[in-house]
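Encoded as C-alpha cells, the structure appears first; notes follow it.
Protein chains: 2
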Amino acid sequence: MYERKTTPNLNCGLDLIGEVLYGKWKIRLLWFINEGHQRPSELQRKIPDASRRVLNVQLKELEEHELITKKIYPVVPPKVEYSLTEFGKTLIPVIAALGQWSDEHEKRLRNVILKQIVSSDLDSSLIS
Amino acid sequence: MYERKTTPNLNCGLDLIGEVLYGKWKIRLLWFINEGHQRPSELQRKIPDASRRVLNVQLKELEEHELITKKIYPVVPPKVEYSLTEFGKTLIPVIAALGQWSDEHEKRLRNVILKQIVSSDLDSSLIS
DNA sequence: GCAATAGGGGATCAATTTATCCCTATATGA
DNA sequence: TCATATAGGGATAAATTGATCCCCTATTGC
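Protein sequences, first through last, are from chains A and B.
Take the first sequence: its position 21, counting from 1, is numbered 21 in this note's numbering, and each next residue is one higher.
Take the second sequence: its position 4, counting from 1, is numbered 4 in this note's numbering, and each next residue is one higher.
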C-alpha cells in the first residue's frame, strides 16, 4: 500500500472536503450508489472507464471516511452492496449542485476544455 | 511545460467540472478572488501552504478556462489583478455549498481523516 | 475438466500533479 | 550598494494517483 510522505493541510473547510472528495471517480461513485446502483459490478458497468481495481480502492476510501458502508453477504458467488451512510447522504445535495452547474454550462465547458487541449497540441507540434 | 499523454474523459457533466476544478488550490483561489483578494501577492499570503509557482500555474489554468481574467498594469513594480468572469461568478454558489457542507461537518471530517492517517501509520510501524 | 460469475488484492508501471530551485526585471528606501 | 517588493517562468525532483497485470476464492453449468 501507498504511504503518505507529507501531512495533508487541514486548515479550512475546503481542505477537509478535498480530502474526502478528491479521487477521479469518487463523486460519481457516491452519485450512482445514491441512485441505487449498489453492487460493485453494477458500478463498474456504470463507470467503464475506470478499472475494477481503482474503483475498489476508491470505494474503500469512501468507506474509511464513513460516507458509505459495505455489506458483504456470505454467499457464493459473493454478493456485496454499498449504501450511503447518513453522513454520506448529506453530501448528495452538494453533488447535485455540482452536477447541475456543469449540466447548465456543458457547452461552454466542453469548449474551453477542448480549446486548451488543442492549443497545447499545437505547441508540441511546433516543437517537433 | 507538461504535456498530456491521454485524452480526458468528457462524457458527463461531472467529468467537465472535474477538469476545471481539480487542482489543489483552485477552489480556494476562486473563493478568495471573489472575496476581493485580487493580487497574486495577496492570494499568496492567503494561501501560504502553496508555493508562488503553483499558484501561478493554477491561476493560468483558471484563466484558460475562462473563469477568471487577468489585468496587467504597466507599472513598476508590476501590478496584476485577477477578477472573476461572469462565467466564474456562476460557480460561487456551488463553491459556497461545498464550503458550507464542510463547515457543518468539520469535526466529523477531521475525525475520519485523522483516523485514516493514524491507522496507516500503525500499519507501517508494524512492518518495520 | 473448464469457463463463467462475483468479489478481492499485491506488485508494479505510467501519468499527473505539486514542490523546489534558480533565474529574470525595475524602482524604492535604508 | 544592497535588500525588498512585485511579478514571471524554465528545469527538474518528489509525491501522489491511476492503470495494468496477474493471481486468489468457490460454485454452477456445460
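The C-beta atom is built at its ideal place from N, Cα and C for all residues, glycine as well.
The structure displayed is predicted, hence computed values, not measured ones.
Near the ligand GTP: LYS70/A beta-carbon under 8 Å from a heavy atom: Questions concerning the ligand GTP fall outside what the structure shown contains, since it holds no ligand whatsoever.
Residue burial classification, LYS26/A (beta-carbon count within 10 angstroms, cutoff 16): buried
The stretch 91-106 of chain A touching the stretch 7-27 of chain B, judged by at least three CB pairs closer than 8 Å: yes
Chain A within 9 Å of CYS12/B, Cβ atoms only: yes
Any C-beta of chain A under 9 Å from that of LEU109/B: yes
Boundaries of the beta strand (DSSP E) in which LYS79/B is found, first to last residue: 79-84
CA-to-CA distance, HIS37/A to LEU29/A, given in whole angstroms: 9 Å
Same chain, Cβ closer than 7 Å to LEU126/A, five either side skipped, listed in chain order: Low per-residue confidence applies at LEU126/A: pLDDT is 48, beneath 50, and the placement is therefore not dependable enough to give any value.
Proximal residues of chain A, C-beta to C-beta of SER51/B below 8 Å: Within 8 Å Cβ-Cβ: nothing; SER51/B doesn't reach chain A, min ~13 Å.
Simplified DSSP assignment, three categories, for ILE47/A: coil
Same chain only: Cβ atoms within 8 Å of LYS71/A, ignoring 5 sequence neighbours per side: VAL80, GLU81, TYR82 and SER83
LYS129/B to ILE117/A span [Cα, whole Å]: Outside the modelled stretch of chain B, which goes from 1 to 128, sits residue 129/B, for which no answer is possible.
For TYR22/B, the nearest candidate out of ILE95/B, LEU43/B and ASN34/B (CA to CA): ILE95/B
Residue of ARG39/A, VAL57/A, PHE32/A and ILE68/A minimising C-alpha distance to PRO78/A: ARG39/A
CB contact check: ILE117/B to chain A, cutoff 9 Å: yes
Beta-carbon neighbours of LEU99/A, restricted to chain B and to distances below 7 Å: The identity of residue 99/A in the sequence shown is Gly, whereas the question assumes Leu. Those within 7 Å of GLY99/A in chain B are GLY13 and LEU14.
Cα-Cα separation between PRO8/A and ARG45/B, rounded to whole angstroms: 19 Å
Under the three-state DSSP convention, the category SER102/A falls into: helix
VAL76/A, buried or exposed, once every other Cβ within 10 Å from all chains shown has been counted against 16: exposed
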